[in-house]
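*Asks:*
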Amino acid sequence: MTRRTVIRDSLGVGIAVGAYGFAFGAASVSAGLSVVQTCLLSLFTFTGGTQFAVVGVIAGGGTVAAALASGLLLGSRNTLYAMRLAPLLRVRGVRRLVAALGTIDESTAMAVAQPEPELSRVAFWWTFAGVFTFWNLTTLLGALVGSVVDPPAIGLDAVVPAAFLALLAPRLRSGALEKRIALAGALIAAALIPVTPPGVPVLAACAALLLATDLRRSG
Amino acid sequence: MLWVLVLATIVGCYLLKLAGYLVPARVMDHPRIRHVVELLPVALLAALVVVEAIANGRHIELDGPRLAGFAVGAVAVWRRAPFLVVVVVAAATAALLRQV
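Respectively, the protein sequence lines represent chains U and Z.
Residues 1 to 219 (the working numbering) make up the first sequence, in order.
Residues 1001 to 1100 (the working numbering) make up the second sequence, in order.
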């Protein structure tokens, strides 16, 4: 692994997730957010799963509280990523504040995959730069297109669940426990759609952790 | 209210990220906390897949083109296709079916 191949791979990841940015931008404006609000979410929230969850709950008619709760719960994994990255990146001051923004699935995965800390730092910063650039450009593009085109007409309503599945897939491949929790979470959500306000089925799916695992034993 | 949501999401998500650089590493050494934080996204993402695929507000809505697009996207995910391919095939399938 040389510095050059790490940079190339990192930028490749950035370009790939740009396609999701387009879907997010269009989904967000069709949920009722303005183009400016949509772009601010991508610039400063900068964590795709959370952004899709928040606008998804709003699009479904859910409350602001339910949307925020889903988004923050989903964003809590970034705390874990940051703890894993802290000893690798060794950032202080302003660089730490910037590194925090860039702490997401892709930059963490690329950084921890490197054989030595120097390459981890290269992978983190270049993946962050690549994803940040493309995610925000495509968000703007998607928001502008979504403002004039009906998102279902270009199939974006099918993209959103497929996007969540793509985020879920690597976790499903990591073990049987993950599969059980995913199945339980999916069943809880499906059962609650007709009987609870929008947004609640997603939050209630957290109970899958209690159903599918014995956390007391592992503690 | 949407501005409240946007700003709260931005501040909350940023603080969640920053917290990981500030808290002592031993907090996450607790296996139960680590377990919950690692598994929470699995339950949430699975629920979001279902809700986005079959819900319309409080109703179950089995929309043919949406489900077909999702199914084709799911096959692409299963075949480990790149993100770009997943997005394009899901959108194209749903959009084309709505044209016929």
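The beta-carbon is built from N, C-alpha and C at its ideal position, and this holds for glycine as well.
Go to T1009 of chain Z, then tell me how far its alpha helix (DSSP H) extends in each direction, as first and last residue.
*Replies:* Looking up residue 1009 of chain Z in the second sequence gives position 9. Its alpha helix (DSSP H) spans residues L1002 to L1022.
*Asks:* If contact is defined by three or more beta carbon pairs under 8 Å, each pair taking one atom from either stretch, is the stretch 1017–1028 of chain Z in contact with the stretch 92–110 of chain U?
*Replies:* yes
*Asks:* Counting only C-beta atoms, is M83 of chain U closer than 8 Å to chain Z at any point?
*Replies:* For the purposes of this step, residue 83 of chain U is taken as residue 83 along the first sequence, with counting starting at 1. Chain Z, which has a Cβ nearer than 8 Å to the Cβ of M83 of chain U, makes this yes.
*Asks:* Could you check how far apart the C-beta atoms of A67 of chain U and I58 of chain U are, in whole angstroms? I think they sit under 8 Å.
*Replies:* Within the first sequence, numbered from 1, the residue matching residue 67 of chain U stands at position 67. Within the first sequence, numbered from 1, the residue matching residue 58 of chain U stands at position 58. Sure, about 5 Å apart at Cβ, within 8 Å.
*Asks:* Going along the chain, which unbroken runs of the beta strand (DSSP E) with 3 or more residues stay wholly within the stretch 11–39 of chain U?
*Replies:* none
*Asks:* Would you mind reading off the limits of the alpha helix (DSSP H) that contains I181 of chain U?
*Replies:* In the first sequence, counting from the first residue as 1, residue 181 of chain U sits at position 181. Here the alpha helix (DSSP H) through I181 of chain U covers A176 to L192.
*Asks:* Specify the secondary structure class of I104 of chain U as computed by DSSP and reduced to three states.
*Replies:* Locating residue 104 of chain U in the first sequence gives position 104, where the first residue counts as 1. Coil at I104 of chain U, not helix or strand.
*Asks:* At 8 Å on the CB atoms, spell out the chain U contacts of L1039 of chain Z, in chain order.
*Replies:* The count along the second sequence starts at 1 and reaches residue 1039 of chain Z at position 39. The contacting residues are L177, E178, I181, L209 and T213.
*Asks:* Determine, using beta carbons only, whether R84 of chain U and V122 of chain U come nearer to each other than 8 Å.
*Replies:* The residue labelled residue 84 of chain U in the question sits at position 84 within the first sequence. The residue labelled residue 122 of chain U in the question sits at position 122 within the first sequence. Result no, Cβ atoms of R84 of chain U and V122 of chain U do not sit closer than 8 Å.
*Asks:* Which runs of the alpha helix (DSSP H) at least 4 residues long sit entirely within the stretch 53–126 of chain U? Give them in chain order.
*Replies:* Runs found: 64–75, 77–89, 93–101 and 105–112.
*Asks:* When you compare only the Cα positions, how much space is there between F124 of chain U and G75 of chain U?
*Replies:* On the first sequence, position 124 is the one that residue 124 of chain U refers to. On the first sequence, position 75 is the one that residue 75 of chain U refers to. Cα to Cα, the separation comes out at about 18 Å.
*Asks:* Determine which residues share a DSSP beta bridge with N1056 of chain Z and list them.
*Replies:* As a first step, residue 1056 of chain Z must be located in the second sequence, where it is residue number 56. In DSSP, N1056 of chain Z forms a bridge with Z:H1059.
*Asks:* Within the continuous alpha helix (DSSP H) that includes G155 of chain U, where are the two ends?
*Replies:* Translated into the one-based positions of the first sequence, residue 155 of chain U becomes position 155. Counting along the chain, G155 of chain U falls outside any alpha helix (DSSP H), and DSSP gives it neither H nor E.
*Asks:* I'd like to know whether the C-beta atoms of P197 of chain U and G62 of chain U end up nearer to each other than 8 Å.
*Replies:* The sequence position of residue 197 of chain U within the first sequence is 197, counting from 1. The sequence position of residue 62 of chain U within the first sequence is 62, counting from 1. Yes. Within cutoff.
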